[in-house]
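Presented below is the structure to which this report refers.
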């Protein structure tokens, strides 16, 4: 009984500390887009010409969109964070999940003159899991690959069997992630220096949490030919 109570107190302390850290980080991250929105609103009000006003309004819209994205990801991460079992487990077709995600993100790749290619091994068995969460996981990975790969780049999504279950690879020929930082990018709010793409640093943290709920693992490695990045999800 003493050991059980001690374990309960340890878990409670861990949960409270996680909540405190999450709240502090969220407050810090929200402060930046809100300050930017305020500055952009001031610029729009004080614009002297129509062109200047439209540019300020465009920046204001991008600031609002970033704030909305940040809040949505914070809510998602908070919902996934508690030590709960995987909800709504149903037989899931990884191939259908991948097809839906790639179809939704194909217009973004086309806008950047990129090739988004999907390969799904035929006759895959169904996987017990949460389809919405797996869609979010794969969607974050493909979205990252598109946004951080240069115009005219190539993104490959490959779904197939592996000896222990299923393997989903998302690879690109973009700048990649240095090996020394591949573990750090899964931390909340961590972003690589010099990135010019808007982001919150929460996407990969959400991916890892979803993978953990599915008893899966995510590995980062060099892309094909030693260029770019390959993200492998072992389910």
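In this note's numbering, the protein residues as written are 1380 to 1614. Glycine residues also receive a C-beta, built at the ideal position from the N, C-alpha and C atoms.
{"query": "Spatial neighbours of residue 1599 in its chain, beta-carbon cut-off 7 angstroms, leaving aside the 5 residues before and after", "result": "1556, 1561, 1608, 1610"}
{"query": "Cβ-based burial, residue 1589 [other Cβ within 10 Å; buried from 16]", "result": "buried"}
{"query": "Residue span of the beta strand (DSSP E) that contains residue 1499, given as start and end", "result": "1494-1499"}
{"query": "Inter-stretch contact at 8 angstroms, needing at least 3 Cβ pairs: the segment 1434-1452 / the segment 1488-1505", "result": "no"}
{"query": "DSSP-derived helix/strand/coil call for residue 1393", "result": "helix"}
{"query": "Secondary structure, alpha helix (DSSP H): runs of 4+ residues fully inside the segment 1486-1560", "result": "1510-1527"}
{"query": "Residue 1614 and residue 1518 closer than 9 angstroms at C-beta", "result": "no"}
{"query": "Own chain partners of residue 1583 with C-beta closer than 6 angstroms, once the 5 adjacent residues on each side are dropped", "result": "1564, 1565"}
{"query": "At least 3 beta-carbon pairs within less than 8 angstroms: the segment 1526-1545 vs the segment 1462-1477", "result": "yes"}
{"query": "Residue 1584 - containing beta strand (DSSP E), residue span", "result": "Looking at the DSSP string, residue 1584 is not in any beta strand (DSSP E); the run it does join, the alpha helix (DSSP H), is 1582-1592."}
{"query": "As assigned by DSSP and simplified to three states, the class of residue 1603", "result": "helix"}
{"query": "Residue 1421, buried or exposed, once every other Cβ within 10 Å from all chains shown has been counted against 16", "result": "exposed"}
{"query": "Beta-ladder partner(s) of residue 1610, from DSSP", "result": "1549, 1599"}
{"query": "Supposed close pair residue 1505, residue 1542 - CB separation, criterion 8 angstroms", "result": "Actually they do not touch by this definition, with Cβ atoms about 18 angstroms apart."}
{"query": "Where residue 1471 falls: helix, strand or coil (DSSP)", "result": "strand"}
{"query": "With 16 other Cβ atoms within 10 Å as the buried cut-off, status of residue 1447", "result": "exposed"}
{"query": "Where residue 1439 falls, given that 16 or more other Cβ within 10 Å makes a residue buried", "result": "buried"}
{"query": "Under 9 angstroms between C-beta atoms of residue 1532 and residue 1548", "result": "no"}
{"query": "Per-residue burial, residue 1442 [other beta carbons within 10 Å of its own, 16 or more giving buried]", "result": "buried"}
{"query": "Top-ranked residue by Cα proximity to residue 1521, from 1487, 1540, 1502, 1510", "result": "1487"}
{"query": "Buried versus exposed call for residue 1328 [16 or more other C-beta atoms within 10 Å across all chains shown]", "result": "This structure leaves residue 1328 out entirely; the chain is present only between 1380 and 1614."}
{"query": "Through-space distance from residue 1603 to residue 1524, alpha-carbon basis", "result": "14 angstroms"}
{"query": "Cβ shell of residue 1418 (< 7 angstroms), same chain only, five flanking positions each side left out", "result": "none"}
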